[in-house]
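One structure is given below, encoded as structure tokens.
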Amino acid sequence: MKIAIIGAGASGMAAAIAAAASATNEVLLLERQARVGRKLLATGNGRCNLTNRQTRPCHYHGSNPDFVRPALTAFPVDFTLDFFRNLGLYTVTEPGGRVYPYSDQANSVVDVLRFALNRPNIDLKTGTEITGVKRIPNGFRLKAQNGEVWDAERLIVTCGGAAGTKLGGGLSGYQLLRSLGHHCTKLYPSLVQLKTDTELVRGLKGVRANAALKLTVRDTVIAAARGEVQFTDYGVSGPAVFELSRAAATAEESVLHLDLLPDCRDEDLLSALCIRISRFPTLLAEDLLTGILHNRLGRILVTASGITLNTPLTSLRWQQLNEVVELCRALRLRVTGNMGMEGAQVTAGGIVTAEFDPQTLQSRIVPGLYAAGEVLDVDGDCGGYNLQWAWSSGLLAGQLRGQTETQQTDTSFRPESARHKAN
Ligand SMILES: Cc1cc2nc3c(=O)[nH]c(=O)nc-3n(C[C@H](O)[C@H](O)[C@H](O)COP(=O)(O)OP(=O)(O)OC[C@H]3O[C@@H](n4cnc5c(N)ncnc54)[C@H](O)[C@@H]3O)c2cc1C
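Each position in the sequence shown, counted from 1, maps to that position plus 17 in my numbering.
See below:
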């Protein structure tokens with residue numbers, strides 16, 4: 018059977034490997050960029066956080082987060098690890114369950130996938146952008162930008178989402194699926210840096226802090242996270258900010274509250290400040306928070322609470338100290354926007370999942386059409402969950418199960434070791 022797969026990113030490569038497991042399948046894998054897995058190379062800051070051992074459906078979002086369940090059940094994290102181990106990839110698990118290649122290089126992941134694609138029944142065409150697809154009797158006709166045309170009996174769309182525009186993210190997958198009758202939700206950037214009022218953060222560019230974050234809309238908490246925050250000239254970034262970014266991107270007006278000393282009680286901080294004053298009475302207010310927070314952050318908080326930096330510590334009043342404590346515990350930054358699809362790691366929203374069978378990822382509208390990965394209305398939390406979805410959904414789609422199953426022999430995909438175990 019002839020199978021065309023559009024997009025050789027994470028899910029497309031997984032789908033191709035799964036589909037090619039059946040020797041009677043001829044797989045045509047089409048990639049518009051010069052090489053496969055370009056976005057993968059940039060993942061995890063070049064280290065590729067390829068999955069997370071704590072993967073559960075609760076780490077996913079979209080109109081129906083439960084949509085991920087069958088794919089994650091059929092191809093869970095252990096399967097992913099087995100799959101990559103069989104391709105020769107060594108991995109290491111870090112605290113929090115994040116899994117990385119042992120080499121610490123994202124290109125190791127891409128390399129082993131490339132090796133696996135190199136088989137007689139996979140025809141990989143890079144530098145080939147598909148600009149149109151249409152249904153024909155018994156399948157699909159695909160047209161490339163350069164005018165080339167291919168016919169296939171089955172089509173898997175794995176074009177990814179709009180996030181990471183400089184790495185190949187775009188609208189192409191949504192457009193192709195819409196042209197076949199599917200619908201797309203509104204798209205938002207997620208796992209993205211937030212723009213905030215810059216008055217306070219401007220002087221903090223490059224400063225990192227461990228904080229507890231709350232996002233509120235009209236004083237109601239809509240999201241919370243804890244972890245590292247990086248201050249930038251436009252606002253805030255870092256893992257904890259990414260966790261809240263989906264909620265911030267989809268909310269109208271939100272305010273970020275940073276507790277910069279989440280493990281410290283107010284009274285303990287106050288007493289630490291009092292000790293500082295009594296022990297070092299000649300110091301100025303600029304050193305009130307020295308040793309407690311990053312120096313620059315400390316000075317900005319002191320200034321923001323209305324204290325002039327050259328005020329002698331001994332002339333600070335009780336109320337002023339309380340105000341400093343309050344600011345440390347709840348630095349408020351109005352969210353004014355985000356860094357858009359260019360800065361985002363993943364797209365929130367996508368092709369309506371109700372239009373696909375979660376057990377097979379086959380379209381309920383167009384028989385023989387499948388989709389996987391970020392193009393669907395599924396996005397995961399920060400920490401390897403998005404790639405896990407790409408692997409699981411790609412492998413499931415590559416099985417080409419569903420109404421058309423009768424034409425398949427034993428295509429149920431298992432990595433070599435799992436097959437041996439089963440035999
Ligand atoms: C900077 C960054 C860091 C990230 N880090 C992590 C991380 O550490 N862990 C994690 O889990 N997730 C991470 N992600 C998210 C993760 O990379 C994606 O969710 C995942 O790659 C999606 O897989 P996909 O196969 O759906 O799409 P992609 O991997 O984006 O692949 C889609 C492919 O389709 C191709 N394509 C698109 N349209 C066409 C067309 N018309 N014709 C031919 N080819 C086409 C594209 O060029 C691309 O190669 C990160 C994302 C970014 C941007």
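Heads up, the beta-carbon is just placed ideally off N, CA and C, and yes, glycines get one too.
The structure displayed is predicted, hence computed values, not measured ones.
Measure the C-alpha to C-alpha separation of residue 287 and residue 388 and round it to an integer number of angstroms.
56 Å
Going along the chain, which residues of its own chain have a beta-carbon closer than 7 Å to the beta-carbon of residue 61, five neighbours each way excluded?
117 and 123
Output yes or no for whether 9 Å exceeds the beta carbon distance between residue 316 and residue 306.
yes
Could you tell me whether any non-hydrogen atom of ligand 1 is closer than 8 Å to the CB of residue 23?
yes
Could you check which residue in 418, 383, 404 and 406 has the C-alpha nearest to that of residue 157?
383
Does any residue of chain B have a CB that is nearer than 9 Å to the CB of residue 118?
Given the protein chain composition of this structure (a single chain), no chain B is represented.
Residues near residue 393 by beta carbon distance below 6 Å, same chain, minus five either side
367, 368 and 370
Entirely within the segment 380-419 and at least 4 residues each: give me those alpha helix (DSSP H) ranges in chain order.
402-414
Residue 47 and residue 20: beta carbons closer than 9 Å?
no
Taking 8 Å as the line, does the beta carbon of residue 327 fall inside it for any heavy atom of ligand 1?
no
Spatial neighbours of residue 51 within its chain, please: C-beta separation below 7 Å, excluding the five flanking residues on both sides.
143 and 144
Helix, strand or coil for residue 424? Go by DSSP, reduced to three states.
Unreliable placement is indicated for residue 424, whose pLDDT of 44 sits below 50; the coordinate value is still reported in the next sentence. Helix.
Would you call residue 196 buried or exposed, if buried means 16 or more other Cβ atoms sit within 10 Å of its Cβ?
exposed
Tell me the residue span of the alpha helix (DSSP H) that contains residue 259.
256-267
Relative to ligand 1, is the shortest distance from any of its heavy atoms to the C-beta of residue 34 smaller than 8 Å?
no
Below 8 Å, is the gap between the Cβ of residue 147 and the nearest heavy atom of ligand 1?
yes
Please confirm whether any heavy atom of ligand 1 lies closer than 8 Å to the CB of residue 189.
yes
Could you check where the alpha helix (DSSP H) with residue 446 kicks off and where it finishes?
The requested residue 446 is not part of the displayed model; the chain covers only 18 to 440.
Below 6 Å CB to CB, which residues in the same chain sit around residue 403 once its five sequence neighbours on both sides are set aside?
363 and 397
Leaving out the 5 sequence neighbours to the left and right, which residues in its chain are closer than 6 Å to residue 241 when beta-carbon positions are compared?
231
So, using beta-carbon positions, are residue 414 and residue 376 closer together than 9 Å?
no
Counting C-beta neighbours from all protein chains within 10 Å, is the total for residue 153 16 or more, i.e. buried, or is it exposed?
exposed
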